[in-house]
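Below is one structure, written out as structure tokens; the observations come after it.
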Amino acid sequence: MRFEIMRLDDASGRPVDSTVVDAASVNGIVQQAAAIGQRLWIRPAETPAS
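Counting in the working numbering, the sequence shown runs from 871 upward without gaps.
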């Protein structure tokens, strides 16, 4: 499964940038963000219809 991770602006809470990663990468990204106090929004990435 793939997830879209958006970094949120500290002041407004609006998404600043985003990346799509596989499930195995999510934990590392969350831990890095937590270490510096960064806010994230994580949701399942949309997959194209097959």
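We put the beta carbon where it would ideally sit given N, CA and C, even for glycine. It should be emphasised that the depicted structure is a prediction, and the values quoted were computed from it without experimental measurement.
What is the DSSP secondary structure of residue i, counted as helix, strand or coil?
{"i": "Ile888", "result": "In the sequence under discussion, the amino acid at residue 888 is Ser, which differs from the Ile named in the question. Note: Ser888 maps to strand in three-state DSSP."}
{"i": "Gly883", "result": "coil"}
{"i": "Gly898", "result": "helix"}
Classify residue i as buried or exposed, calling it buried when 16 or more other Cβ atoms lie within 10 Å of its own Cβ.
{"i": "Ile875", "result": "buried"}
Looking at the strands, I want to know which residues DSSP matches up with residue i.
{"i": "Ile912", "result": "Ile875"}
Enumerate in chain order the residues of its own chain whose CB-to-CB distance from residue i is below 6 Å, with the five nearest sequence positions on each side excluded.
{"i": "Ala893", "result": "Met871"}
Report all residues from its chain with a CB closer than 7 Å to the CB of residue i; omit the five preceding and five following residues, and keep chain order.
{"i": "Ala915", "result": "Arg872, Phe873, Glu874 and Val890"}
{"i": "Val886", "result": "Arg877, Leu878 and Asp879"}
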